[in-house]
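**Q** Under my numbering, read the sequence shown as residues 1115 to 1163, first letter to last.
Here it is, the structure in full.
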Amino acid sequence: MRDSPALTGTPTPETTAAGRDIATTAFVAAKVVPLVGFAPDALKPMASR
């Protein structure tokens, strides 16, 4: 396991595979956006956020 970084200024984590690392917006979007198609219609407006 890597050491925890000191998060000062503007942290810029790398986008890595799933695990216990810091999740970037790109990583989260790649996991969440495909699920929106399976969501009930009431939740689909969340896709535009």
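Note that beta-carbon positions come from the ideal geometry of N, C-alpha and C, so glycine has one too.
Have a look at Val1142 and Ala1156 and give me their C-alpha separation to the nearest angstrom.
**A** Going by the C-alpha atoms only, they are around 21 angstroms apart.
**Q** Among the candidates Ala1132, Thr1124, Pro1125, whose CA atom is the shortest distance from the CA of Ala1144?
**A** The candidate whose alpha carbon is nearest that of Ala1144 is Ala1132.
**Q** Report the rounded CA-to-CA distance for Val1147 versus Ala1140, giving the unit in angstroms.
**A** For Val1147 and Ala1140, the distance between alpha carbons rounds to 10 angstroms.
**Q** From which residue to which residue does the alpha helix (DSSP H) around Pro1125 run?
**A** Taken as a continuous stretch (DSSP letters only), Pro1125 belongs to no alpha helix (DSSP H), as it is neither H nor E.
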